[in-house]
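Trainee: Numbering (the working numbering), first residue to last: 161 to 588. Every residue gets a Cβ at the ideal spot worked out from N, C-alpha and C, and that includes glycine. Before we start, here is the structure in question, set down as structure tokens.
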């Protein structure tokens, strides 16, 4: 009788000797609940992409045909092309339809293709998540030995000098640089959704996309996020600018040097540069900007009062954040904020709200439900402000389908953009 774990280790060594660049064990299969592939080996296809190629299920004391439905799910999810079952009676290869098994000598050696690279954002994201959680779970009894944010930094730092990743099995694999950039952002968003220690530095992808869309036709020139966190909004605008053939300069600032390091690590393989700097937006003047996008910290009070443009003062950080942002905005520029809803009704901010309504174009106010910001259950408001004469405001309150409503082409987004980018929108 053989130990299954010992046999798996032998299979891994065998497959590596046959030239497979990545060999994984007990791999979670996306979209299948708890299904895991016992062994998954990757190969290089004709385009030079490293893809899942071969899946192996190990059966002991069971009918070997019981593995066929599992292998079918692996193929459907990952696109594997060769499938084997190993029992105590030897190797069996599945037919093309995954309905029959025939005795076999075992997996074949890979043909001598040159080294390839990973090009699937989903697969690279999954591999990075496995590595991050492995680093975070080094403590005893399953307790986290480090925050997931620290584990992310450790993982990204290890791979920072080249476009590659190390898997939990120790394989170092080349990755398309842009794919790695997108995957690191996706990993951070996933961690923020699951763990509070990362939630304050990342915005949900649906919000980042919405903020990028609400910039509308003003996407040009210098774009600044004075409370940038890991750079969620700036990365989204970089992608949009590249897609639309626009040239922008992007600058992110945050008071926390650790999160600026996170943003820097994400950006090392980005197609275009974003300048990140550590600094206090309430104390140090921002660079002049054509566009400002930001989500200031919620529920925060300043140690000292901030003098607003209308001559009043406040300790409310969200009000002060709007003020310092608008001071840096060039005439005709646009600012898009994600704010706590208290900004729209708090009595201490009433005079400043009136000032904004009279001296700026508050182009849109869009209420979003709980879940639109990580790490909190509060609702949020998306506010679009142009440095233009005052005019009518588009107002909407969204509910559970807010992500669909705010997606590109979504009903609320289409209606909002038709208003805020209407060339005929004049002063009231």
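Enumerate in chain order the residues of its own chain whose CB-to-CB distance from residue 304 is below 8 Å, with the five nearest sequence positions on each side excluded.
Mentor: Numbered from its first residue, the chain shown carries residue 304 at position 144. Note that residue 304 scores 44 on pLDDT, short of 50, meaning its location in the model is unreliable; the coordinates nonetheless yield the value given after this. 296 and 297.
Trainee: Output needed for residue 582: all residues of its chain with C-beta closer than 7 Å, excluding positions within five of it in sequence on either side, in chain order.
Mentor: One-based indexing of the chain shown puts residue 582 at position 422. Nothing listed; no residue qualifies.
Trainee: Which residue's Cα is closest to the Cα of residue 479: 428, 500 and 494?
Mentor: Sequence index remark: in the chain shown, residue 479 carries index 319 (1-based). Comparing Cα positions, the closest option is 500.
Trainee: Taking the alpha-carbon of residue 470 as reference, which of 562, 509 and 346 has the nearest alpha-carbon?
Mentor: Against the chain shown, residue 470 aligns to sequence position 310. Of the listed residues, the one whose Cα sits closest to residue 470 is 509.
Trainee: For residue 408, list the residues DSSP reports as bridge partners.
Mentor: Position 248 of the chain shown, counted from the first residue, corresponds to residue 408. DSSP lists 381 as partners of residue 408.
Trainee: Secondary structure at residue 184, three-state DSSP: helix, strand or coil?
Mentor: Here residue 184 refers to the residue found at position 24 when the chain shown is read from its first residue. Residue state, collapsed to three classes: strand.
Trainee: Going by C-alpha distance, which of 379, 242, 528 and 241 is nearest residue 493?
Mentor: Translated into the one-based positions of the chain shown, residue 493 becomes position 333. Ranking 379, 242, 528 and 241 by Cα distance to residue 493 puts 379 first.
Trainee: Count the other C-beta atoms from every protein chain shown that fall within 10 angstroms of the C-beta of residue 523, then say buried if there are 16 or more, exposed otherwise.
Mentor: One-based indexing of the chain shown puts residue 523 at position 363. Classification for residue 523: buried.
Trainee: Taking buried to mean at least 16 other C-beta atoms within 10 Å of its own C-beta, is residue 221 buried or exposed?
Mentor: On the chain shown, position 61 is the one that residue 221 refers to. Result: exposed.
Trainee: Quick check on residue 567: does DSSP put it in helix, strand or coil?
Mentor: Taking the first residue of the chain shown as 1, we reach residue 567 at position 407. Note: residue 567 maps to coil in three-state DSSP.
Trainee: Residue 560 lies in the alpha helix (DSSP H); which residues open and close that run?
Mentor: Numbered from 1 along the chain shown, position 400 holds the residue referred to as residue 560. Looking at the DSSP string, residue 560 is not in any alpha helix (DSSP H), and its letter there is neither H nor E.
Trainee: Pick from 167, 454, 238 and 435: whose alpha carbon is nearest that of residue 191?
Mentor: Taking the chain shown and counting its residues from 1, the one referred to as residue 191 is at position 31. Of the listed residues, the one whose Cα sits closest to residue 191 is 238.
Trainee: Taking the beta strand (DSSP E) that residue 416 falls in, what are its first and last residues?
Mentor: Here residue 416 refers to the residue found at position 256 when the chain shown is read from its first residue. Premise fails: residue 416 is in no beta strand (DSSP E) and is neither H nor E.
Trainee: Select from 347, 527, 497 and 384 the residue whose C-alpha is nearest the C-alpha of residue 408.
Mentor: Along the chain shown, one-based indexing puts residue 408 at 248. Comparing Cα positions, the closest option is 384.
Trainee: Which word fits residue 572, buried or exposed, when buried means at least 16 other C-beta atoms lie within 10 angstroms of its C-beta?
Mentor: Against the chain shown, residue 572 aligns to sequence position 412. When all chains shown are included, residue 572 counts as buried.
Trainee: Tell me which residues share the same chain as residue 302 and place their Cβ nearer than 6 Å to its Cβ, disregarding the 5 neighbours each side in the sequence.
Mentor: Here residue 302 is taken as the residue at index 142 of the chain shown, counted from 1. The predicted model places residue 302 with a pLDDT of 47, which falls under 50 and marks its position as unreliable; any figure quoted below should be read in that light. Answer for residue 302: no residue qualifies.
Trainee: Rounded to whole angstroms, what is the Cα-Cα separation between residue 546 and residue 521?
Mentor: Residue mapping note: residue 546 aligns to position 386 of the chain shown, counting from 1. Residue mapping note: residue 521 aligns to position 361 of the chain shown, counting from 1. Computed Cα separation, rounded: 5 Å.
Trainee: Mind reading off the beta-carbon distance from residue 195 to residue 230? Whole number of angstroms is fine, and I expect it under 8 Å.
Mentor: Here residue 195 refers to the residue found at position 35 when the chain shown is read from its first residue. Here residue 230 refers to the residue found at position 70 when the chain shown is read from its first residue. The pair is a contact, with the Cβ atoms about 6 Å apart (cut-off 8 Å).
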